[in-house]
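Below, the structure written as structure tokens:
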């Protein structure tokens, strides 16, 4: 096998994995820490991606467009949360799917602004310049880098930083309050915790992190289509959460790599089936994985087994 | 702290109930099952929305206020069917309730580490002391879900006291707790009352405890308050005897 092709394959899979890792770290804050089942998480990634895309095509510099994208995603999270977080968990979950789909369809229909199904192009100019600058710098030092390396490294460094940030927050009274909200809202309220406020904070933070994933998504894919942001993206995120173990940040990283391989890596391998069937089989594989985990290892790779048997 | 006055109207479970709780008293709320005692607690502390009436605490109008705000004002309740944070440790359950935790805010948690670390140590020590007072300090590091029913009652008591309350509403605090420990806890509560002016309103079914230790008794039946007063007064009130204290079977 051509060595360059092999590297290209892994660069693709691992960059995709890194983006998913960031995406799911945000989901972990909402689901793992606070118990919010957010099936519309992809919407906030879409907001991050499209905000950056639109910002760049309108001439904004990167250092402005990127924070704007993250803030837009966080604001959207708050906007969603204010009316919906009073709903019971299952109703909240349903509402979040609807919210995600509403956003996606709006993006699709606003062809004039977002390019709709034709895709949003032209956002990658500034990034390509930056990428070339980095490659040139390394070339100046005598190191020949593959052009895909800078993004790969930046994505994973960011994923690591976000993970470390969350681990740090994990030891704070703030996180204790979030977990109390997850465990028993009434007990938390009786202890003086403003439950709704903490749910909103969790949603805002999770959405901001999803927005960050969206930033990398558009840099990675160069063209954005609304179909990229269908609910299945979030469901795959949940598969990663379950695989890695709900509550484990390191599990998210490992789960992302495994799932990313299944979802995107298999695109490059040769199967004796046509492309449509392979695409469908991919999701069958993920479904089987989830079922298998539930049956044999429900706590995932890094989850705590004892926690499974503790009732309220 | 001024008298607490509660008046509800229009709610089936609690129909027009009115009572005051004197500051610094140990007041018992008694009544047959289904009398509305727990519902009254829920209404008072904001867990259920009353249809009508008024609630004043320490001069504040707390009618329909959010439960966490009522708790922070100093009126804290425990639950009849315990609600513990199962997948958190026992000590975390208690530490959660401490007032004045800078680290509970996201900005402080992120950027002002020194501020909250010191307070966290204090909170930890205080939590351990409380756990020792109620007798479950050896379980501090265990998941709260592993505690027995009686131990969960004790955990709820520790959690409530951690908030530095002015008034505690204890819903059957000794249910499932062994009598010796129960007596010790009662003494502990009385000490807190004497030293800190803690006001206690508790629901209790054991008449010996109620008659022996309360300053005041409020009797509820079928959603209404049917009597109140000192143990002697209540004990001999015919309405109470009828409804609750075991009316003699009608003489043949």
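Protein chains in written order, with my numbering: chain E, 361 to 672; chain F, 433 to 684.
Quick reminder that beta carbons are idealized off the backbone N, C-alpha and C, glycines included.
Since this is a predicted model, take the numbers as computed values, not measurements.
Would you mind telling me which residues of chain E sit closer than 9 angstroms to residue i, beta carbon to beta carbon, in chain order?
i, result
"residue 591 of chain F", "547, 550 and 551"
"residue 537 of chain F", "533 and 534"
Cβ closer than 9 angstroms: which chain F residues qualify as neighbours of residue i?
i, result
"residue 555 of chain E", "498, 499 and 500"
"residue 561 of chain E", "538"
For a quick check, are the C-beta atoms of residue i and residue j less than 7 angstroms apart?
i, j, result
"residue 605 of chain E", "residue 663 of chain E", "yes"
"residue 445 of chain E", "residue 556 of chain E", "yes"
"residue 517 of chain F", "residue 540 of chain E", "yes"
"residue 402 of chain E", "residue 594 of chain E", "yes"
"residue 393 of chain F", "residue 593 of chain F", "An answer regarding residue 393 of chain F cannot be provided, because it is not within the stretch 433 to 684 covered by chain F."
"residue 632 of chain E", "residue 467 of chain E", "no"
"residue 645 of chain F", "residue 618 of chain F", "yes"
"residue 562 of chain E", "residue 384 of chain E", "no"
"residue 500 of chain F", "residue 552 of chain E", "yes"
"residue 468 of chain F", "residue 652 of chain F", "yes"
"residue 580 of chain E", "residue 464 of chain E", "no"
"residue 672 of chain F", "residue 597 of chain F", "no"
"residue 653 of chain E", "residue 602 of chain E", "yes"
"residue 649 of chain F", "residue 460 of chain F", "yes"
"residue 591 of chain E", "residue 475 of chain E", "no"
If we count the other Cβ atoms within 10 Å of its Cβ and call it buried at 16 or more, is residue i buried or exposed?
i, result
"residue 610 of chain F", "exposed"
"residue 723 of chain F", "Given that chain F is displayed from residue 433 to residue 684, the structure contains no residue 723 of chain F and the question cannot be resolved."
"residue 659 of chain F", "buried"
"residue 637 of chain E", "exposed"
"residue 655 of chain E", "exposed"
"residue 538 of chain F", "buried"
"residue 377 of chain E", "buried"
"residue 534 of chain E", "buried"
"residue 418 of chain E", "exposed"
"residue 533 of chain F", "buried"
"residue 519 of chain F", "buried"
"residue 660 of chain E", "buried"
"residue 635 of chain E", "exposed"
"residue 583 of chain F", "buried"
"residue 575 of chain F", "buried"
"residue 617 of chain E", "buried"
"residue 581 of chain F", "exposed"
"residue 684 of chain F", "Residue confidence is low: residue 684 of chain F scores 41 on pLDDT, short of 50, so the model does not pin down where it sits. Its coordinate-derived value is still stated next. So residue 684 of chain F counts as exposed."
"residue 547 of chain F", "exposed"
"residue 528 of chain E", "exposed"
"residue 451 of chain F", "buried"
"residue 312 of chain E", "The structure shown does not extend to residue 312 of chain E, since chain E spans only 361 to 672, so no value can be given for it."
"residue 636 of chain F", "buried"
"residue 553 of chain F", "exposed"
"residue 612 of chain F", "exposed"
Just checking residue i against the ligand MG - is the residue's beta carbon closer than 6 angstroms to any of the ligand's heavy atoms?
i, result
"residue 567 of chain E", "Only the bare structure without any ligand can be found here, which leaves the ligand MG out of the picture."
So with CB distances below 8 angstroms, who are the chain E contacts of residue i?
i, result
"residue 595 of chain F", "551 and 552"
"residue 609 of chain F", "Per Cβ cutoff of 8 angstroms: no residues; residue 609 of chain F is ~19 angstroms from chain E at best."
"residue 541 of chain F", "529, 532, 533, 534 and 535"
"residue 504 of chain F", "552"
"residue 533 of chain F", "533"
Starting from residue i, find everything on chain E with Cβ-Cβ shorter than 7 angstroms and list it in chain order.
i, result
"residue 529 of chain F", "551 and 552"
"residue 508 of chain F", "550"
"residue 524 of chain F", "536"
"residue 515 of chain F", "544, 546 and 547"
"residue 552 of chain F", "533"
"residue 479 of chain F", "546"
List the residues of chain F that residue i touches, going by C-beta distances under 8 angstroms, in chain order.
i, result
"residue 667 of chain E", "519 and 575"
"residue 508 of chain E", "Simply none; closest approach about 33 angstroms."
Check whether the Cβ of residue i lies closer than 7 angstroms to any Cβ atom in chain C.
i, result
"residue 539 of chain E", "This model lacks chain C altogether, as its protein chains are E and F."
**OP:** Could you tell me which uninterrupted alpha helix (DSSP H) segments, each at least 4 residues in length, are contained entirely in the region 450-506 of chain E, listed from first to last along the chain?
**Re:** 471-474 and 485-500
Subject >> In chain order, each beta strand (DSSP E) run of at least 3 residues that lies wholly inside the region 443-526 of chain F >> reply: Taking only runs of at least 3 residues, the beta strand (DSSP E) segments lying wholly in the region 443-526 of chain F are 450-453, 458-462, 485-489 and 507-509.
Original post:
What residue ranges within the region 502-547 of chain E form continuous alpha helix (DSSP H) runs of no fewer than 4 residues, ordered along the chain?
Top reply: 509-529 and 533-543
Original post:
Would you say the region 408-415 of chain E touches the region 574-588 of chain E, given that touching needs at least three Cβ pairs under 8 angstroms?
Top reply: yes
Original post:
Any chance the region 511-527 of chain F sits against the region 579-597 of chain F, with 3 or more Cβ pairs inside 8 angstroms?
Top reply: yes
Original post:
Below 8 angstroms, can you find three or more Cβ-Cβ pairs linking the region 484-501 of chain F to the region 544-563 of chain F?
Top reply: no
**OP:** Kindly confirm or deny that the region 500-507 of chain E and the region 431-446 of chain E touch, where touching means at least three C-beta pairs closer than 8 angstroms.
**Re:** no
**OP:** Kindly confirm or deny that the region 517-537 of chain E and the region 472-482 of chain F touch, where touching means at least three C-beta pairs closer than 8 angstroms.
**Re:** no
Subject >> Any beta strand (DSSP E) of 3 or more consecutive residues that is wholly inside the region 537-612 of chain E >> reply: none
Original post:
Should the region 637-652 of chain E be regarded as contacting the region 606-624 of chain E, the criterion being three or more beta carbon pairs within less than 8 angstroms?
Top reply: yes
Original post:
At which residue ranges does the region 371-455 of chain E contain complete beta strand (DSSP E) runs of 3 or more residues, listed in the order of the chain?
Top reply: none
Original post:
Quick one: any contact between the region 421-429 of chain E and the region 481-491 of chain E, if contact means 3 or more CB pairs under 8 angstroms?
Top reply: yes
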